[in-house]
Structure formats: structure tokens, C-alpha cells
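Protein chains: 4
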Amino acid sequence: ADIPKEQWAQVTEKDGVITYKKIPVPTPGHDEVLVNIKYSGVCHTDLHALDNDWPLPRKTPVIGGHEGAGVVVQKGELVTNVDIGDKVGVKWLMSTCFHCTFCQQALESLCPKAQLSGYTKDGTFQQYCVANAAHLARFPPQTDLSAVAPIMCAGLTVYKGLKESDTRPGQYVAIVGAGGGLGTIGIQYAHAMGLNVIAIDGGKEKGEACKKLGASMYIDFKESKDLVADVKKATHDGLGPQGVVLLAPQEQPFQQATGYVRSHGTVVCIGMPAGAKVSMPVFDTVVRMIKVKGSYVGNREDTAEALDFFLRGKVHAPYKVIGLSQLQSVFDEMRANRVIGRYVMDMSK
Amino acid sequence: ADIPKEQWAQVTEKDGVITYKKIPVPTPGHDEVLVNIKYSGVCHTDLHALDNDWPLPRKTPVIGGHEGAGVVVQKGELVTNVDIGDKVGVKWLMSTCFHCTFCQQALESLCPKAQLSGYTKDGTFQQYCVANAAHLARFPPQTDLSAVAPIMCAGLTVYKGLKESDTRPGQYVAIVGAGGGLGTIGIQYAHAMGLNVIAIDGGKEKGEACKKLGASMYIDFKESKDLVADVKKATHDGLGPQGVVLLAPQEQPFQQATGYVRSHGTVVCIGMPAGAKVSMPVFDTVVRMIKVKGSYVGNREDTAEALDFFLRGKVHAPYKVIGLSQLQSVFDEMRANRVIGRYVMDMSK
Amino acid sequence: ADIPKEQWAQVTEKDGVITYKKIPVPTPGHDEVLVNIKYSGVCHTDLHALDNDWPLPRKTPVIGGHEGAGVVVQKGELVTNVDIGDKVGVKWLMSTCFHCTFCQQALESLCPKAQLSGYTKDGTFQQYCVANAAHLARFPPQTDLSAVAPIMCAGLTVYKGLKESDTRPGQYVAIVGAGGGLGTIGIQYAHAMGLNVIAIDGGKEKGEACKKLGASMYIDFKESKDLVADVKKATHDGLGPQGVVLLAPQEQPFQQATGYVRSHGTVVCIGMPAGAKVSMPVFDTVVRMIKVKGSYVGNREDTAEALDFFLRGKVHAPYKVIGLSQLQSVFDEMRANRVIGRYVMDMSK
Amino acid sequence: ADIPKEQWAQVTEKDGVITYKKIPVPTPGHDEVLVNIKYSGVCHTDLHALDNDWPLPRKTPVIGGHEGAGVVVQKGELVTNVDIGDKVGVKWLMSTCFHCTFCQQALESLCPKAQLSGYTKDGTFQQYCVANAAHLARFPPQTDLSAVAPIMCAGLTVYKGLKESDTRPGQYVAIVGAGGGLGTIGIQYAHAMGLNVIAIDGGKEKGEACKKLGASMYIDFKESKDLVADVKKATHDGLGPQGVVLLAPQEQPFQQATGYVRSHGTVVCIGMPAGAKVSMPVFDTVVRMIKVKGSYVGNREDTAEALDFFLRGKVHAPYKVIGLSQLQSVFDEMRANRVIGRYVMDMSK
Ligand SMILES: [Zn+2]
Ligand SMILES: [Zn+2]
Ligand SMILES: [Zn+2]
Ligand SMILES: [Zn+2]
Ligand SMILES: [Zn+2]
Ligand SMILES: [Zn+2]
Ligand SMILES: [Zn+2]
Ligand SMILES: [Zn+2]
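Those protein sequence lines, which keep their order, are chains A, B, C and D.
Residue numbers for the first sequence follow our numbering, so the first one is 1 and each next one is one higher.
Residue numbers for the second sequence follow our numbering, so the first one is 350 and each next one is one higher.
Residue numbers for the third sequence follow our numbering, so the first one is 699 and each next one is one higher.
Residue numbers for the fourth sequence follow our numbering, so the first one is 1048 and each next one is one higher.
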């Protein structure tokens, strides 16, 4: 392949500001590859990275992005698991140590030495991205790179969250924020996993979308007078869903979730609003034996599984394609809370 | 056996007040037995029942008590699992429906029709107590009834909490409130289960007691300048304990527990202060994949297991014997937070 | 309801012989009900019961049958979980002790005191059957009693076997004997549970049926030259299915299953040919960490779950209706190995 | 450190024959280290490697050994997880690919590209051994290298087998072959894990040894007239042990194990006699819901855990030290079935 010396990128040189500019193409190390990013999704996390508002140190300057799909064009001399020409995905977890107790248990996302794409390492908002070979997602040749991009973060995260909900096929899972970017993918995963989905969000339009994607029931929190009661009523025995996946754990949805989740059930937190806290009543938590859990991206095996559902046609994230040069407009829409579905950037534009 | 018509009991006719008086001996129904209570422990829950300060309806008048040990003296015609003369235990869960989805899964403590000893049914603070046969703990003939009484609630509860902590032999469990009634038993269970116990409480005396009972380490929260750091340091790799059992989930210990528990670890709430709430930071919960769980007494199998550890001599709850007539003094000491270990009442005095 | 004094039944008075005759209608005990059986499936186990060829004592005379669907017409004075007029199912597990260690863990099928319908107790090949109330399956009013009958044994057994296969949605399960009575239901359960089904059986016709019911792949053991290789090839990475459900564990299919199951995978035995043994090579079992498990009917919770899939329309067992009087012809066809799908008897004919 | 050019080794140039000779010291690759082996245990597997009688290709010539303990004296430029001077252990699993589906799930022992010490790679029967850095066991500085050597295979294998037995503290585990090399370590692990150990072996002497090491009961198969009945009787309720660990799965012990294991219990196969098969009756396996599993060494996390028990003084493998030059005599004793405990070789002699 013909690797250029320069490339276009969106660079954060100062918190909150991105600059679209030409920069040098980087060179991969021994165990790394250079990926020609064809498409990159834009994730809410990218906005946190841009604003640097999380209690986790971020590098500066930084190139954001962690939902990349592209082609390997160069590789370090120790790389054996991918070849030049392979289609691959770049994820939030860019590399881990593989030696710590968490890595030894395949809990890589907890590795204290994890490097994060678009956060502690330059990410996928550039045409050529260096990535650790071991953590690449590997796609078959026929994979549609624009469609698969959102699976790398949104898909993986929500799939893992569903696994962590400890539900089995035939049981109920409530998805809070079901009409949003993660939610619309989550409904499809849950449906393909044999779960009965209770979709929770606001507005009629979202309700229709949720049902089309496979939700058995939709509960509109704008219309409901008693959300806890309504969610419980949506289960055939009135005892509430066995699992809840909270895509937006603001204080109120969390409180409600601990109210309507079935006794012995599980509430999974995925979203991470900066500075948010959740609180729950001890008495109910104890006598109803409720579990509350955090779920954070997924490991390499989870990635392969999430990808497999996509490849078998069970999951398609609705997305709009724009050019890399237009990233600012996506952030603007995000800040205005106007994004429906997912934006995927074509890196050539 | 010679069953009298009248018996002594401690009766709560008005919230907060107990009266020591003679009352009629009750008669068991078809599937019930009459137990001649020989000893009954006094539990913190009895104080909540007395004060009626939980969000759970209590009957009035009520005879408290749910750590009873005695002998079957009469049985309903349908009872087949115990015989007259058998030594048995009466627990908080006095009966359940055996038909609901929770009972069908052996999660009886979640049964919506559960009857609770000393709360929705008259309990063990009387010489002759009616109890459902199916939920009795069954003791071998040689069992010391005074020593086994505290196993019926304190022992069972803390044993179940340890099981719910998802820890395996060789791992670390922190017990918060390790020097108290449940804690001192909990250390012994944890030790017998092959766990490394980090005991947390206040004061030197408690520290020495904890270590004698099997704790590997003791951390004095009164002395520690950074409890989170100190608990982490108590583990050989500095990553914190895999499990935490919170016997007194006040706001501060809970916050600390979510701070020092190992990533992917579990915090179990057992204690239920009236009206308490616990809150946790979403960001940490998610990126460290922490679990928070409630644990509530245990089922019949848990009871048999907790009892088996006791019978094999692995666990001995330190207790003082007093007479039933002296119950008021125990409540007085509890209110003054002066109880060390457990009080067990001799029903004949 | 108007309960007659006499009824029609198929009675086994001598091993191997059934007699269609009038007998008295029995009376339920305290905790029992009388069920007016409307439909009863015929299961391969009924043939073993008839021939008395299992190493498990059977009563004589006996009325066979354990896939009954009917209406409660009378109940003992202690029965609270069903009412007269309720639609209910009678299963192989007719009653258990509810007190032993297995019952305490919701493993009722292992209860040493279990009573078995059509084996140690008179079963559903009669118009009025006495059954223990606690173990009845409970149907909603609109349930089609002929269609639900086979769920009571075939459906429950294969659903439980799939649960025991330790597979998760998205993984592969091979069903051996997929074209038979249990297999055709099993494919549908597996599909509804989000599993990729590799159906294994003999003949083109069965192959087409399996695919229509939801199998992703069909392997014809009559055509395959290397069954182990072919099953492995049917998985996208060539490593074989994570789970195998053996509906007919003859020696050869078992040997093959331990050959093609993925390393760390599970082989579940369900079928029980009289006197059969299975053997496996130790070396492979160890270095590939294979699990082999037996699965035996299911508990009350499993029954409710299996039923729920049926009620949501995910599973429909293909069946033919004949009259109770024609039972002998079903056994004749079974002995000739000519049964396709399930026979369900209309008790009124 | 001063690395010599030549070293002493025991080399297998022809199946069944070892030669003690001087050979060149090898050089580690990028991700490898050179370990100055101080002590190496001798394992029964080494005899299989010598005789080349397993259905698994072995390299020729080969230097055997996979229970090595030594000091890192040289390292490849990519090695970051150990330093020169560190005390480390070399195990059977010498390296794995870290990319396959099994490695991604921390099931490294199932990696199709696994390299095996003393089998597909030269092992620890030499003074300087090359080993993959990622799979080294890491010892604290104060570790006694002769005592820790047997933990690298015997300890790890039996600890993992106990984990795979699905038993919980307080339950029963039967160890078959309890008086042998793995068994004597296994009793100690099981005891430290809170299990009640039923030791099974032949002869009084072994019985006394087993009890000293922590077994609750000893059953002498030479004396027992009905081993199945005797093992069941050794449990307080007569239902048999929840788990069985078979260190020598000959046909007969395996048959017996499936007879006395508690219903719903687990039989773990560890030993791998060349060519052995195990068979079980289908009927019992199904109606008692028995599990049979293979367990094969352990992953890096299992190694760290097994080591931690050793470091905390819970486990000490009885061993005799001899010189590397005397290896032939150990094999002679093994062939004569005369080895008690473990031989550990001092590499300097
Ligand atoms: Zn993201
Ligand atoms: Zn790591
Ligand atoms: Zn219930
Ligand atoms: Zn209590
Ligand atoms: Zn059947
Ligand atoms: Zn039972
Ligand atoms: Zn591998
Ligand atoms: Zn070995």
C-alpha cells in the first residue's frame, strides 16, 4: 500500500476545541499496526474527552475517536494476528498490559495500564491511526465498514451491559433511554438474545421506533403517571423486569429502576454523566436482594460476540454518514441534545 | 409431653413497650408445630420491630423474637418432617407460600406472602411458640440449644452475606463492623470458608478480639487517616478486597467500601438502618465494574449450611445468658449502643 | 362441576399390556386436586413404564401418562394455589417432599421421595387424575389444552436440557436427533433462546423440517462421511458447537459428540435407553476440558419458563390428535420406530 | 549475571532414554527470558513425555521438565513484566498465542498454539531454560525455590481440579488417590478452601498421612467391601460428596465415583493414563443429573492463586531433593510405582 506522509485529522489542542488540519502520518511500533481508517463513529464519550470533564487524565493534544473501521496498511515486526489488507476495528480499549491480574482474567477493561483510543492515545478522528494489534477487532473481508463502525463502541458497550444484566432468554429487560444511540442498538441485541424488551424513553416517535426494532413494550416516561407501576405492569406477573440497563443513569431513572426491578434482579449502569451519583434506599435493596452493577465496554471476546451478531444481520445501528471535516457540527448537535441515532464519519471527506 | 395452658411471654401491645406477662399457650395448625422455646437470642431487628420504624407493616400486639431454639411438643396432623421431641430452631422466615416464583426458585426470603417471626407472627419471646414445620431448622439431638440460638438469625444472615459476596477461598473479604454481634460470627464463618478476613471496626480491644477469631488483619477506623488506602494496603497486591460485607451501611462506610473494593468486586449490604440511603459515584462504579448487592437472611438450604459450620465447631457466637424476664435491659443496652456480642435468653427465667 | 363415579382409562395390569376399561374416579387427598384430563400426550417414557425395563421400581397395576392438560374439578381442603375451573398441567414429577436438601434447593427432580405420574402414581391416561397441587403447571384461561400437552414433558425436558448446556445467546448448540419428537420442539426453543442450532439427524425430509423450525444448519448423519469434521465445519471458526444436546445417547452419537463439541463445551444427555452406557476417552476429556452432564425433566420454575415460551407463540410442537381408546396403536408405532412428531390423545374418545 | 556457554542437561534423544550431558546454553527471543533453573520437580507427565505414549506430538530431541523454579538471568528486549534477578517458575504451559478465542477468555490451556515445557519446547531438566515471559509464575524474593517447584504443576493442577469441582466451603470433596503426589497436596488445598475432605486410597500408612494433612475421613479401598456405600456413609446425610477429584481415573474408580457422587454433583478427571476410557451408565447420569468434567492444568490467574496458598503457608508438598544427574532413578521408581510424595532435583548436582 501507498502510505502518504501527511493526512487529515481533527485535533484537540485545547479543551473544548477541535481543529481540522493536516498532520504527519504516524509509524507503528513493534506490536502495533497502522490502520487506514475509512469510517469512524462519533460517541458521547468523545464529547467528554473533548471537554476533559471526567476524573481520568487525558493527554493533550489529542486526536479523539474510538469507533474506527479501516484497513491495516503497515505492521510492526512482532505482529502475527493480522495482515496487511485486513479489515479491522479500533476500539476505546486500544491496548492493555496482558500481565496484571485483570488481564489474566480476561477483564482487560480494568487493566490499570490500559491505553484508551482518543483519550490517552490518538484515536480514529484521523485517516491513519496507530493501534495495538492484540486489541483490534477483526472483520471478514465482506464487512461494510461504515455500518460496523458503531459496533466498536455503542454496540459492544450495550451488548456487554446486557450480558452483565444476568438475564436469561425468556426474561424481561428494561432499557432506559431505549430510543437513543445505544438504546436502538440495545433493543436489537436484547431481542436477538431472546429477551423481552421493555423500552423506556420519551415521546411517541421513539416508541414506534423502539417497537419496530423489537421491543415488546414501550413506556413513555413523559406520559406515565407512575413509571414504577407501569413498568411492573408490563411484565406478565406484575413483578417487574429481571434486568434493567440504564443508558442514562441520571438520579431519577436510577431511583425508579431500583423501584421496578424484580426482587433479586439486576440494575446495570452504563452511561457516565460527569460527576453523577446514584443513591438507593438500603431497606429495599436488602429485603428485595437487588444488585446494582457497573458495566464498562467489554473485552476482546465480548467484541467478537457483539460483532458476530452484527455479521449475522441481527443488529443494524441506524446511522448517518458525514465527512470528517464536519465533526464540529456533530458535537454541536450533541450539546444541543438533538442527535438521533449515530453519526459515522467518512474519513475521505 | 405435658403442655401447660399458660406461659410467660414478653408482649408488645404498644410500639416501644414490652410487657412481661402470662398468656395462653397457642395451638398449632395443620402444617404447624408447637415449639417449647428453651432459648432465644435478641437481635437488633427486634428493636426495629418493637419501635415499628421500618417501612413494612407489623402486627399489633406482637410477641417479638426470631432466634429461637427449642423442642417440638405438639404437631399438626400434616407435619411429616419433624417429630415430637425433636430439637428445632425458629427463624425470621417463619413461613412462605412455596408456590410463588421466588419460592419455586428457593428464594423464599423474597416470597410476598412470607410470615416473619416476631413481626407478622408471634415470635420466640414466649415459652411456647407456634411455627410452620417446613421452615424449622432441624438440630441433631446433642445440640446445645443456648449456643445455637444466635445461628438462627445472626449466623445465617452473615453466612448468607458472605456467600453473596461472590468471593472464593483464598480471596479477601472486608467485614465492616467486624467487632459487633454479626461481625464476630462473620469473621469465623469467613475464616472457615478459606477467606482472608480484613476486619474493620473501632478500638484496640475489638481489634484483638477480631484477630483471635481468625481475622488476618484489623483496621481501626478511629486510627486510620485514610481508610480507603489502608484497606487496599492490607491486600498483598494493593488492589483491595474482592468482597466487602457491610454490617452497618451508614452513609460513610458505604462510600468508603465502594472506594476500596477491588475492581469487579462486590459490596454486600446486610444491615438496615431505618430510612438510610446509600449513594455511589457513577463514574467509578462503571469504569471499575463494581457490584452492590443486598442480602436478606437466607433460605432453608443456607440455614442447613450455616448450622453445619456451627455443628462442626467452626463457629461459636460469644453470648451471655439472661432470663426472658430481663429483656427490657437488653433493649436498654442496645439503645445505648453498649451491647458486645449477643444476649441469649433462658426462657425458664 | 358434575363429577361422575366412573371413567375410561388405559390400565397396565401386566407389564407390556394395556387394557381400555371403565374404572372408578379417584378422590383427591388434602393437598391434592382432581383434574379432568382433556388431552394427554404420549411419551417414549410411557413405553419404558409399560415394559417396566428401567432400573427404577414401578407400581402395578398402573395407569400411565405424564403429559396431561385439563381442568381442576375438585380440590383437597389445604389447596390454595389453584381453584376449581383452572386449567392445569400434570407432569412426570407429580409430587416431591419439599423438605429434603434437593427440594430445598429447587432441585425437586432429584427428591428421593418424588412420585412420578404414570409410574409410581396413576397418571394421565384416564379422564380424571389425582395430582399434587404444588406441582401442577398453571395455564391461563385461553390456553389450547391439546397444543400445550406435549410441553408438559417433551417441551420441559428439552428446554431444561438446553439450559443445562451452559450456552449463551449467539453460541452454537448441536441437537442430536433434531428431527424427532423432542428435537423438533428443541430446535424452536433453542432458536427462541438466541442460539445457532446445528440440527443432526438422518434423511432429507427431516432436514427440511429442521430448517423450517429454525435450525441454521442441518447435518445428515446418513450422508456425512466424517460427522465430527462436518459438525465442526458448521461453526464459523471451525471449533465446534459450545453445547450439544443428545436426545438419543446411543454409544456412537455420544462418542461423536465428545469429538466435535468445542473445547470447554458441554454435552448434555437427556434420552435414557434402557441399559445404555456411554464412554469417553480420558485424554481428550481432560486436555479439552469437556463437560458431560445428565439433565432430567425440570423443576417448577423451569416448567413456568418452558410454558411461557409456548404461550408467547415461540414454540409449537407438531402433533396429531387421536382418541384415548387408540393408545395401543401409538405404542405399536413407537415400537416400530415410525412415530413422527407427537401423539396427543383426546380423552373423550 | 555471568551466563556460561555450556550447561548440564538431561536430554531425550530417543523415546524412553535420557542422557545426562553438557549442551549449549540457549538464547531467549524478543518476548522470552533465560531462567537459571535452581530446582525442578519430576512429574508423572515427564514419564509420558519420555515414552511418547500420548496422542499429542512431541518434539525430538527434547529436554523434559515443567516444574522449574529459578532466577531470570537474561531477557528479550520486549519483556516488561519481569526483571533480571527475579525468582520465577516455569510451567507446563510455556507459551500461548494470546489471540485465539480461548486465550481471549483466559482459557489459555486450550490454546491450539500452546507450547508445552518439556514436550514441544525444551523444559526444565537443564540448568538454563528459555521461557516465554508472559507465562512465568512470579515469586516474591523470599520464596524457597525447592519447595515451590512442585506447585508449578502438581499444585496448580490439583488446585484447578478442586476449583472445577464446583464445590463450596462446607461441602464434601472426595479425593481419589489422596495418598499420592498430587493427592497429598490436594488434601491441603481442599482443607484450606474450607472443604470436608474424604480421602480415598489404599493402606493404613496413607490413611494416617491423609488425616495429618487435613482429611476429615479416610477410606481404604483395599479394606472396603462396598466402596460406594462407604463413601456415602462418610457424609453426614449419607448422600455422598458434592465433588470428586479423580487423580487416577482408571476404569474402576471412575465407575465408583459416578456411583457415590451426590446427585447434581461433579466428578473431575485430572489424571491421563495413556489410552484410558471412562464409561458411565446413562440412566443414572440423567436421573441423578451428574456432571463429569476434565480439568487440565490452569491459567495464569489459577497459578497466582495456587501460589498464594503456598506463600501463606497453607500448602507444603512433601518432597525429597536429589541431583539432576540422578533423574533416571526417579523414572525407575515411577515405573515401579514406588514413588511417595515428590522428587525435586537440585540442578547444581
Ligand atoms: Zn464510545
Ligand atoms: Zn493489565
Ligand atoms: Zn412464595
Ligand atoms: Zn435477627
Ligand atoms: Zn415424558
Ligand atoms: Zn424432596
Ligand atoms: Zn491462543
Ligand atoms: Zn506435571
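Every residue, glycine too, gets a C-beta built ideally from N, C-alpha and C.
Values in this document were obtained by computation on a predicted structure and should not be read as measured data.
Check whether residue i and residue j have beta carbons under 8 Å apart
i: ILE412 of chain B; j: GLY467 of chain B; result: yes
i: VAL90 of chain A; j: GLY76 of chain A; result: no
i: GLY390 of chain B; j: ARG691 of chain B; result: yes
i: VAL895 of chain C; j: VAL926 of chain C; result: no
i: ALA190 of chain A; j: TYR218 of chain A; result: no
i: LYS277 of chain A; j: MET629 of chain B; result: yes
i: CYS129 of chain A; j: LYS113 of chain A; result: no
i: LEU1140 of chain D; j: LEU1157 of chain D; result: no
i: LYS1272 of chain D; j: GLY1250 of chain D; result: no
i: ILE873 of chain C; j: ILE883 of chain C; result: no
i: GLN520 of chain B; j: GLN605 of chain B; result: no
Which of helix, strand or coil DSSP assigns to residue i
i: VAL339 of chain A; result: coil
i: MET542 of chain B; result: coil
i: PRO722 of chain C; result: strand
i: ARG517 of chain B; result: coil
i: LYS269 of chain A; result: Residue 269 of chain A is actually Cys in this sequence, not Lys. CYS269 of chain A: strand per DSSP, three-state reduction.
i: ALA872 of chain C; result: strand
i: ALA1178 of chain D; result: strand
i: SER1310 of chain D; result: coil
i: GLN803 of chain C; result: coil
i: LYS1279 of chain D; result: helix
i: ALA1327 of chain D; result: The sequence shown places Met at residue 1327 of chain D, rather than the Ala named in the question. Looking at MET1327 of chain D - three-state DSSP - the assignment turns out to be strand.
i: LYS470 of chain B; result: strand
i: MET289 of chain A; result: coil
i: ILE1050 of chain D; result: coil
i: MET501 of chain B; result: helix
i: THR882 of chain C; result: helix
i: TYR1343 of chain D; result: coil
i: LEU754 of chain C; result: coil
Continuous alpha helix (DSSP H) stretch holding residue i: start and end
i: PHE447 of chain B; result: Premise fails: PHE447 of chain B is in no alpha helix (DSSP H) and is neither H nor E.
i: TYR1307 of chain D; result: 1298 to 1307
i: LEU383 of chain B; result: Unbroken run through LEU383 of chain B is the beta strand (DSSP E), 381 to 391; no alpha helix (DSSP H).
i: LYS1253 of chain D; result: 1251 to 1260
i: LEU311 of chain A; result: 300 to 311
Terminal residues of the beta strand (DSSP E) in which residue i lies
i: ARG836 of chain C; result: 835 to 837
i: THR361 of chain B; result: 355 to 363
i: ALA1116 of chain D; result: 1115 to 1122
- request: Output, in sequence order along the chain, the residues in the region 880 to 910 of chain C whose CB is closer than 7 Å to any CB in chain E.
  value: Any reference to chain E falls outside this structure, whose protein chains are A, B, C and D.
- prompt: Which of the residues in the region 1207 to 1222 of chain D, read from start to end, lie with their CB under 8 Å from any CB of chain B?
  reply: LYS1210, ARG1215, PRO1216 and GLY1217
- prompt: Which residues, in order along the region 833 to 850 of chain C, keep a beta-carbon less than 9 Å from a beta-carbon of chain D?
  reply: Those would be none; no residue qualifies.
- prompt: When a residue counts only if its C-beta is closer than 6 Å to some heavy atom of ligand 4, which residues count, in chain order?
  reply: For ligand 4, the selected residues are B:CYS392, B:THR394, B:HIS415, B:TRP441 and B:CYS502.
message: If the cut-off is 8 Å on Cβ atoms, which residues from the region 635 to 655 of chain B count as contacting chain A, listed in chain order?
response: Listed by position along the chain: VAL635, VAL636, ARG637, MET638, ILE639, LYS640, VAL641, LYS642, GLY643, SER644 and TYR645.
- request: Pull out every residue of the region 450 to 470 of chain B whose Cβ sits closer than 8 Å to any Cβ of chain C, in chain order.
  value: THR450, GLN453, GLN454 and ALA455
field: Chain-ordered residues of the region 1354 to 1367 of chain D with a beta carbon less than 9 Å from chain B
entry: ASP1355, PHE1356, LEU1358, ARG1359 and LYS1361
- prompt: What residues from the region 418 to 444 of chain B come within 8 Å of chain C, judged by C-beta to C-beta, listed N to C?
  reply: When CB distances to chain C are screened at a threshold of 8 Å, the residues of the region 418 to 444 of chain B falling below it are LEU427, THR429 and ASN430, in chain order.
task: Output the residues surrounding ligand 6, defined as those with a CB atom closer than 5 Å to any ligand heavy atom, in chain order.
output: Answer in sequence order: C:THR794, C:CYS795, C:CYS798, C:CYS801 and C:CYS809.
query: When you check each C-beta in the region 1320 to 1331 of chain D against every C-beta of chain C, which residues fall closer than 7 Å?
result: PRO1320, ALA1323, LYS1324, VAL1325, SER1326, MET1327, PRO1328, VAL1329 and PHE1330
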